[in-house]
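>
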Amino acid sequence: NAGVTQTPKFRILKIGQSMTLQCTQDMNHNYMYWYRQDPGMGLKLIYYSVGAGITDKGEVPNGYNVSRSTTEDFPLRLELAAPSQTSVYFCASSYSGQRLPGANVLTFGAGSRLTVL
Amino acid sequence: AQTVTQSQPEMSVQEAETVTLSCTYDTSESDYYLFWYKQPPSRQMILVIRQEAYKQQNATENRFSVNFQKAAKSFSLKISDSQLGDAAMYFCAYSGGSEKLVFGKGTKLTVNP
Chain A
511 NAGVTQTPKF RILKIGQSMT LQCTQDMNHN YMYWYRQDPG MGLKLIYYSV GAGITDKGEV
571 PNGYNVSRST TEDFPLRLEL AAPSQTSVYF CASSYSGQRL PGANVLTFGA GSRLTVL
Chain B
921 AQTVTQSQPE MSVQEAETVT LSCTYDTSES DYYLFWYKQP PSRQMILVIR QEAYKQQNAT
981 ENRFSVNFQK AAKSFSLKIS DSQLGDAAMY FCAYSGGSEK LVFGKGTKLT VNP
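First to last, the sequence lines map onto chains A and B. Each residue of the first sequence is one higher than the last, beginning at 511 in our numbering. Each residue of the second sequence is one higher than the last, beginning at 921 in our numbering.
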């Protein structure tokens, strides 16, 4: 049981390049999330999904796109990379079915450190 | 929108001593959950403890316990008998009627031998 797997772990991009951060979970979780973590700023939600085919914006979605074609996969696409997107990115998943959506405990991936130069 | 505030960017504690990390939050919801997550140098986020707002009893997990004051919107984490492995960033987080989790900015805990 691998949990949440993110790839790559590290990547350096040039300004204007594009890339996709991959995220896969094998726990049959229906909720999936992408967060970014900047020093001293905590984690900010980029996009999330409550199930295959359904995605929604979080707090900081500009410059990113996502898709959710399967329950397992939730890739994050960066178009036209900018230095402001230098960050550590975390994918997470959780299972609904609790009394309240907010009860969900997130399982996180190990993070992907992205540097845009 | 809900907000979570951690007013202590850094804290330190001697090994075997007790330390308390502070967290306050703002919400208009009456039913919600609060969490403490730990992020060690490995970067892996790990759940420490979860509190349900409708339960008056404070949650505990071994050496970790919380002081949940609903009226004051306060949710502090107490670590007893601190160990070197407790050194990490600690994030307070809120989640209510939405699927989204809102995080504070974190407190860096140093444990001195």
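Think of the CB as a built atom: it goes at the ideal place given N, C-alpha and C, for glycine as much as any other residue.
Within its chain, find whatever has a CB closer than 8 Å to the CB of Ala1037(B); leave out the 5 residues flanking it on each side and keep chain order.
Because residue 1037(B) is not part of the residues shown, which for chain B are 921 to 1033, the question remains open.
> For the stretch 998 to 1032 of chain B, enumerate the residues whose C-beta is nearer than 7 Å to any C-beta of chain A, in chain order.
Those residues of the stretch 998 to 1032 of chain B that come within reach of chain A (Cβ to Cβ, closer than 7 Å) are Phe1011, Ser1015, Gly1016, Gly1017, Ser1018, Glu1019, Lys1020, Leu1021, Phe1023, Gly1024, Lys1025, Gly1026.
> At the level of alpha carbons, what is the spacing between Val576(A) and Tyr557(A)?
Within the first sequence, residue 576(A) is the residue found at index 66, counting from 1. Within the first sequence, residue 557(A) is the residue found at index 47, counting from 1. Distance between the alpha carbons of Val576(A) and Tyr557(A) is about 7 Å.
> So, helix, strand or coil for Leu1004(B), using DSSP?
To locate residue 1004(B), count along the second sequence from 1; it is residue 84. Reduced to three states, the DSSP call for Leu1004(B) is helix.
> Between Ser559(A), Asp583(A), Lys519(A), which has its C-alpha nearest Asp536(A)'s C-alpha?
What you label residue 536(A) is simply residue 26 of the first sequence in a count that begins at 1. Of Ser559(A), Asp583(A), Lys519(A), the residue nearest in Cα terms is Asp583(A).
> With distances taken from CA atoms, which of Leu610(A), Ser594(A), Asn614(A) is nearest Leu624(A)?
As a working mapping, residue 624(A) is identified with position 114 in the first sequence. The option with the nearest alpha carbon to Leu624(A) is Ser594(A).
> Could you check whether Glu589(A) and Gly573(A) sit closer than 8 Å to each other, using their CB atoms as the reference points?
Against the first sequence, residue 573(A) aligns to sequence position 63. Against the first sequence, residue 589(A) aligns to sequence position 79. Yes.
> Closer than 7 Å between beta carbons: that is the criterion. Which residues of the stretch 564 to 575 of chain A meet it against chain B?
Going along the stretch 564 to 575 of chain A in chain order, one finds Gly568 with a Cβ nearer than 7 Å to chain B.
> Mind pulling the chain A residues with CB within less than 8 Å of Leu967(B)?
As a working note, residue 967(B) is residue 47 in the second sequence. Within 8 Å Cβ-Cβ: Val615, Leu616.
> Listing by chain order, which chain A residues have their CB less than 7 Å from the CB of Arg970(B)?
Here the question's residue 970(B) lines up with position 50 in the second sequence. Chain A residues near Arg970(B): Val615.
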